[in-house]
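Enquirer:
Residue numbers (my numbering), protein chains in the order written: chain S, 53 to 256; chain E, 6 to 299.
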């Protein structure tokens, strides 16, 4: 019997979810846009895209996905958050909105819009040894940074001493946008995490 | 090497707004209501288009005090409008740290010949368009995002539908066009050839394309999304209705769940009356906003 192929969900409440789907498509990975709880049923991993974290949080709350995603993330289910997605996965957000709904999955404290408003947005090459020697082109848009990490969080990349990419077990987060970098190495890295997780825990 | 304010980060911000709703607000209280409802950005302005229409006179960039208050009151991106061709209004808004500038036909044009050279700015620009030629001319000038013009302040979606269908139809047309026809097509629609070629390669408008101008209900928002919009601007539609918080929230949800009629039905329930709206054919031609800009 052949193994059931991987299927990765991309949270599609708002933001650059199409960009993530296009990259996964180009890698031959099956995807599903996730807007409702039942769309979580047979996925092997989830990407939370860049976008507006307050909008996503409210929609997760209103459509009853917050608790479901929290449970999944806490049980070792692979998730990858970029920018707003990273904010969503943080245990703590400094200068977040009061009561801003978060998934509170990773032991990181994030600062929103840490570099300032849009005119401070920038591109810069980053050294990320986990994904290879060639630098990864980071696109930072009103980007958050990680102020501190606790526990078992691995720092994957820094920009001028600020932590901008982390992994904790099967949870991966970047403050920049691999979905518009024209480089699929972060997605390949994540798919690798998903494959390993599926081998150990997934049903086929 | 660190590069700031590149075209990539400009059009990148527009990508991050996709699937969301950008709401016109005139006070910080309204901005907070919009953010609470789930808006992905707000547009700070002096008066909503319906009031601009009613007041007449010259409509200009909002008072910097007002823009500053709105910038401070919310954490989501803040946009603001400048008159077509008024690059000084744009310089002022950029100096204040506004996240996106809308060079808008809703305000009275300051230049009847030339739009702003948007490459001169670090702040990204969004511009209105009625068809592909107009959209690509604005992108050629450096716009990082396009929206349909629609007919602002009317609460009538018909013009936004016309403009979205026109742009999408022309993109589909190019897709089936052999390459040797692209130059003549570019000349006919008055668009830069390279951008016409890029549109064909990408199979879509090269930057994010929102719907604007007359969206008043959750169903309107879904209609525009199903026609191919990347997201929604709502101007007068929210704060000219009789229950702005409920309507704002419903339009946000309709934009996310635009393909799900059951959810659309649910979010459309009990949100009060929509703005009254205007029949386009009864508006005198010289009062139509969409024909401003070229």
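Positions of the beta carbon are idealized from the N, C-alpha and C atoms, including for glycine.
Predicted model only: the values in this text are computed from it and were never measured.
1. When you compare the CB positions of residue 186(S) and residue 155(S), do they come within less than 7 Å of one another, or not?
2. Buried or exposed, going by whether 16 or more other CB atoms sit within 10 Å of the CB of residue 45(E)?
3. In terms of residue numbering, what span does the beta strand (DSSP E) encompassing residue 226(S) cover?
4. Quick check on DSSP: helix, strand or coil for residue 53(S)?
5. Below 8 Å on the Cβ atoms is my guess for residue 86(S) versus residue 72(S); work out the distance and round it to an integer in Å.
6. Residues of chain E with a CB under 7 Å from the CB of residue 191(S): which are they?
7. Run through DSSP, which three-state label would residue 242(S) get?
8. Which same chain residues end up closer than 7 Å to residue 108(E) when comparing Cβ atoms and leaving out the 5 residues on each side of it in sequence?
9. Less than 7 Å between C-beta atoms, sequence neighbours within five positions excluded: which residues of the same chain meet that for residue 165(E)?
10. Given a cut-off of 7 Å on the beta-carbon distance, is the pair residue 47(E) and residue 39(E) in contact?
11. Using three-state DSSP, classify residue 125(S) as helix, strand or coil.
12. Using only the alpha-carbon positions, how far apart do residue 175(S) and residue 197(S) sit?
13. Listed in chain order, which residues of the segment 101 to 123 of chain E have Cβ atoms closer than 9 Å to some Cβ of chain S?
14. Residues of chain E with CB under 8 Å from residue 177(S), in chain order?
15. Name the one or two DSSP bridge partners that residue 253(E) has.
16. Quick one: what's residue 237(E) bridged to in DSSP?
17. Alpha carbon to alpha carbon, what distance is there between residue 172(S) and residue 231(E)?
18. Which runs of the alpha helix (DSSP H) at least 4 residues long sit entirely within the segment 124 to 208 of chain E? Give them in chain order.
19. Report the neighbours of residue 77(E) on chain S: residues whose CB is nearer than 9 Å to its CB, in chain order.
20. Please report the distance separating the alpha-carbon of residue 110(S) from that of residue 183(E).
21. Would you call residue 148(S) buried or exposed, if buried means 16 or more other Cβ atoms sit within 10 Å of its Cβ?
22. Tell me, please, whether the CB atom of residue 173(S) is closer than 7 Å to any CB atom in chain E?
23. Note down, in chain order, every chain E residue with its Cβ under 8 Å from the Cβ of residue 65(S).
24. For residue 295(E), which three-state DSSP category applies?
25. For residue 91(E), tell me which candidate among 50(E), 118(E), 171(E) has the shortest Cα-Cα distance.
26. Could you list which residues in chain E have their beta carbon closer than 9 Å to that of residue 251(S), in chain order?
27. Using 7 Å as the limit for Cβ to Cβ distance, is residue 84(E) near chain S?
28. Closest Cβ-Cβ distance between residue 104(S) and chain E: below 7 Å?
29. I want to see whether chain S comes within less than 7 Å of residue 20(E), judged by CB atoms only; does it?
30. Under 7 Å between the Cβ atoms of residue 157(S) and residue 125(S)?
31. First and last residue of the beta strand (DSSP E) that includes residue 63(S)?
32. Cβ of residue 107(S) less than 7 Å from any chain E Cβ?
33. Grouping DSSP H, G and I as helix and E and B as strand, with all else coil, what is residue 247(E)?
34. Ends of the beta strand (DSSP E) at residue 210(S)?
35. Does the beta carbon of residue 91(S) come closer than 7 Å to any beta carbon on chain E?
36. Look at the Cβ atom of residue 180(S), then the Cβ atom of residue 229(S), and state whether they are nearer than 7 Å.
Expert: From the atom records:
1. Residue 155(S) sits away from residue 186(S), with the two beta carbons spaced by 7 Å or more.
2. By the 10 Å Cβ count, residue 45(E) comes out buried.
3. 223 to 226
4. Because residue 53(S) carries a pLDDT of 43, less than 50, the predicted location of this residue cannot be relied on, and the following value inherits that uncertainty. Coil.
5. Wrong, their Cβ atoms sit about 11 Å apart, outside the cutoff.
6. 13, 14, 17
7. The three-state reading of DSSP puts residue 242(S) in helix, counting H, G and I together.
8. Taken in chain order, the residues that qualify are 87, 89, 120, 121, 130, 132.
9. 153, 155, 216, 217, 218, 219, 220, 229
10. Cβ distance < 7 Å, so residue 47(E) and residue 39(E) count as in contact.
11. Correct three-state label for residue 125(S): helix.
12. 14 Å
13. 102, 103, 104, 105
14. 6
15. In the DSSP secondary-structure assignment, residue 253(E) is not bridged to any residue.
16. DSSP lists 26(E), 216(E) as the bridge partner or partners of residue 237(E).
17. 34 Å
18. Runs of alpha helix (DSSP H) with 4 or more residues, each lying fully within the segment 124 to 208 of chain E, are found at 137 to 145, 163 to 180, 187 to 194, 198 to 207, listed in chain order.
19. Ordered by position in chain S, no residue passes the 9 Å Cβ test against residue 77(E), which lies about 12 Å from the chain.
20. 46 Å
21. buried
22. It does: the Cβ of residue 173(S) has a partner Cβ on chain E nearer than 7 Å.
23. At a C-beta separation below 8 Å, residue 65(S) has these neighbours in chain E: 24, 261.
24. Coil, per DSSP.
25. Considering only 50(E), 118(E), 171(E), the residue with the shortest C-alpha distance to residue 91(E) is 118(E).
26. Result: empty, since nearest Cβ-Cβ is about 33 Å, beyond 9 Å.
27. no
28. Closer than 7 Å to some Cβ of chain E, the Cβ of residue 104(S) qualifies, so yes.
29. yes
30. yes
31. It spans 59 to 63 - the beta strand (DSSP E) in which residue 63(S) sits, taken as one unbroken run.
32. yes
33. coil
34. 206 to 211
35. no
36. no
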